[in-house]
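Engineer: The sequence shown begins at 1 in the working numbering and counts up by one. Let me begin by handing over the structure; questions about it come next.
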Amino acid sequence: MTVSRALSGNPNVNPETRDLILARAKEVGYVKNSAANAMRGDPTAIVGLLLPNIINEFYARFANALAMLCADLDLDLVIHLTNDDYEREQKSLLRLRALQASTVILVPAPDPSGRSKGQASPMRIVELIRSREGTGAWGKLLIDDGPAIAAAVAHLVRTGRRRIAFIGADPSMSSGRGRLAAFESALQSHGQTPDPGLVRTGAPGFMMGHDNMAALLSLEAPPDALICGGFEISNGALDCCLRRGLRFPQDLAFVGYGDPISYGWIDKGISTIEISPEELAKQACRMLAPQAMAAEDHVEHLPTTFHLRGSAAAADSPGVTT
Numbered sequence: 001m002t003v004s005r006a007l008s009g010n011p012n013v014n015p016e017t018r019d020l021i022l023a024r025a026k027e028v029g030y031v032k033n034s035a036a037n038a039m040r041g042d043p044t045a046i047v048g049l050l051l052p053n054i055i056n057e058f059y060a061r062f063a064n065a066l067a068m069l070c071a072d073l074d075l076d077l078v079i080h081l082t083n084d085d086y087e088r089e090q091k092s093l094l095r096l097r098a099l100q101a102s103t104v105i106l107v108p109a110p111d112p113s114g115r116s117k118g119q120a121s122p123m124r125i126v127e128l129i130r131s132r133e134g135t136g137a138w139g140k141l142l143i144d145d146g147p148a149i150a151a152a153v154a155h156l157v158r159t160g161r162r163r164i165a166f167i168g169a170d171p172s173m174s175s176g177r178g179r180l181a182a183f184e185s186a187l188q189s190h191g192q193t194p195d196p197g198l199v200r201t202g203a204p205g206f207m208m209g210h211d212n213m214a215a216l217l218s219l220e221a222p223p224d225a226l227i228c229g230g231f232e233i234s235n236g237a238l239d240c241c242l243r244r245g246l247r248f249p250q251d252l253a254f255v256g257y258g259d260p261i262s263y264g265w266i267d268k269g270i271s272t273i274e275i276s277p278e279e280l281a282k283q284a285c286r287m288l289a290p291q292a293m294a295a296e297d298h299v300e301h302l303p304t305t306f307h308l309r310g311s312a313a314a315a316d317s318p319g320v321t322t
């Protein structure tokens with residue numbers, strides 16, 4: 001009984017006795033059985049993380065930062081990749097249940113058929129970046145990018161742009177819906193009517209951004225500015241522009257999303273809607289703290305900023321040549 005109490009961290013065990021037992025347990029390679037602990041009702045130290053991919057620099061940096069923070073808290077982070085596929089997400093959740101994960105942080109995959117409605121999970125679910133009806137989420141850690149998108153639109157209008165395009169995620173996704181609404185509202189506040197022909201949405205991805213940028217550039221009256229509403233969308237649209245030899249900002253004022261390291265290297269820099277993956281990881285980790293976990297529900301919003309660089313500067317700004 002004394003050994004069991006010492007191994008479980010019971011404060012009533014004599015400190016010297018506890019240290020001897022723990023030292024011996026370490027010598028023989030003893031580890032706690034998470035499944036047995038869970039059966040007794042004790043929370044496990046396993047946290048799941050479901051991301052669309054880690055090719056995206058933002059998700060890779062977020063996962064790396066969260067893993068380090070979890071390690072500092074003696075939590076084990078288990079990462080699954082869904083490729084934004086609902087079926088993969090559900091299989092990953094089942095595997096995490098088998099591992100007795102106590103909490104899962106996930107970027108919800110799109111579910112156009114609505115299969116997830118009404119589902120519940122014994123694990124505590126925290127939705128990241130976007131939300132989806134039916135996940136049974138306890139918490140949400142979302143991005144408040146409306147003000148930054150509005151600031152980008154205001155700057156573009158102020159510098160004389162009149163055909164401002166937008167490429168974003170499908171409005172069926174909460175993040176896509178919110179970013180599109182922020183873009184259209186900002187245009188209207190400056191007396192501009194959103195042009196449906198300059199707005200492209202769909203399942204977010206590199207090729208989606210690339211192909212929609214190509215389609216916009218092929219218009220008889222192409223846009224003179226672009227705001228991107230997603231990490232991979234931004235990279236794909238930028239790739240299309242660079243391969244075609246477009247000059248920023250003379251041919252197109254470009255505003256990306258996220259801030260990969262390369263954005264500061266390209267020409268005079270790529271303007272962007274900026275968010276720190278490290279700050280997002282810190283906020284996610286704070287939601288894993290015992291005092292936060294005791295709440296009935298938990299919703300946090302992390303703000304973004306509009307980072308102006310050369311790609312969206314006024315054409316007559318210093319350093320911009322025509």
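All C-beta atoms in this analysis are idealised placements derived from N, C-alpha and C, irrespective of residue type, glycine included. Bear in mind the structure is a predicted one, so any value in this text is a computation, not a measurement.
Please state the DSSP three-state secondary structure of Ile-261.
Structural biologist: Counted from its first residue, the sequence shown places residue 261 at position 261. Three-state DSSP puts Ile-261 in a helix.
Engineer: Please state the DSSP three-state secondary structure of Pro-303.
Structural biologist: Taking the first residue of the sequence shown as 1, we reach residue 303 at position 303. In the structure shown, Pro-303 sits in a strand (DSSP, three-state: E or B).
Engineer: For Thr-193, does the count of other Cβ atoms within 10 angstroms reach 16, so buried, or fall short, so exposed?
Structural biologist: Looking up residue 193 in the sequence shown gives position 193. By the 10 Å Cβ count, Thr-193 comes out exposed.
Engineer: Please state the DSSP three-state secondary structure of Ile-233.
Structural biologist: By 1-based counting over the sequence shown, the position of residue 233 is 233. Note: Ile-233 maps to helix in three-state DSSP.
Engineer: May I ask you to report which of helix, strand or coil DSSP gives Val-402?
Structural biologist: Within the shown structure, residues of the chain are numbered from 1 to 322, placing residue 402 beyond reach of any answer.
Engineer: Sort out for me which residues DSSP pairs Thr-272 with in a bridge.
Structural biologist: Indexing the sequence shown from 1 puts residue 272 at position 272. The partner list for Thr-272 (beta bridge, DSSP) reads Gly-256, His-307.
Engineer: Go ahead and pull the three-state DSSP assignment for Leu-73.
Structural biologist: Locating residue 73 in the sequence shown gives position 73, where the first residue counts as 1. The answer is coil: DSSP assigns Leu-73 none of H, G, I, E or B.
Engineer: Taking 8 Å as the cut-off, is the C-beta of Pro-194 nearer than that to any heavy atom in the ligand SAH?
Structural biologist: Here there are no bound small molecules, and the ligand SAH is not part of this structure.
Engineer: Look up Thr-201 in the DSSP assignment and give the residues it is bridged to.
Structural biologist: The residue given as residue 201 occupies position 201 in the sequence shown. Answer by DSSP bridge pairing, in chain order: Gly-168.
Engineer: Using a beta-carbon distance below 9 Å, is Leu-302 in contact with chain B?
Structural biologist: The structure shown contains no chain B, having only a single protein chain.
Engineer: Determine the direct distance from the alpha carbon of Thr-272 to that of Gly-229, and round the result to whole angstroms.
Structural biologist: If you number the sequence shown from 1, residue 229 lands on position 229. If you number the sequence shown from 1, residue 272 lands on position 272. Straight-line Cα distance between these residues: approximately 10 Å.
Engineer: Throw me the rounded Cβ distance for the Ile-326 and Pro-223 pair, which I believe falls under 8 Å.
Structural biologist: The chain is shown only over 1 to 322; residue 326 falls outside these bounds and no answer can be derived.
Engineer: Using only the alpha-carbon positions, how far apart do Arg-40 and Leu-156 sit?
Structural biologist: By one-based count along the sequence shown, residue 40 stands at place 40. By one-based count along the sequence shown, residue 156 stands at place 156. Low local confidence applies: a pLDDT of 45 at Arg-40 is under 50, so the model's placement there is unreliable, and no value is given.
Engineer: Compare the Cα-Cα distances from Asp-145 to each of Ser-121, Ala-186, Pro-122, Thr-159 and report the closest residue.
Structural biologist: Against the sequence shown, residue 145 aligns to sequence position 145. Nearest of Ser-121, Ala-186, Pro-122, Thr-159 to Asp-145, Cα basis: Ala-186.
Engineer: Could you check what DSSP says for His-190 in three-state terms: helix, strand or coil?
Structural biologist: Walking along the sequence shown from the start, residue 190 turns up at place 190. Coil at His-190, not helix or strand.
Engineer: Taking a contact to mean a Cβ-Cβ separation below 9 Å, would you say Gly-264 touches Asn-235 in this structure?
Structural biologist: Here the question's residue 264 lines up with position 264 in the sequence shown. Here the question's residue 235 lines up with position 235 in the sequence shown. Result no, Cβ atoms of Gly-264 and Asn-235 do not sit closer than 9 Å.
Engineer: Can you list, in chain order, the residues of its chain with a C-beta nearer than 6 Å to that of Pro-377? Leave out the 5 residues immediately preceding and following it.
Structural biologist: Since the first residue shown for the chain is 1 and the last is 322, residue 377 is missing from the structure and cannot be characterised.
Engineer: Can you find at least 3 beta carbon pairs, one from the region 99-113 and one from the region 45-60, that sit closer than 8 Å?
Structural biologist: Taking 8 Å as the limit for Cβ pairs, the verdict is that the region 45-60 does touch the region 99-113.
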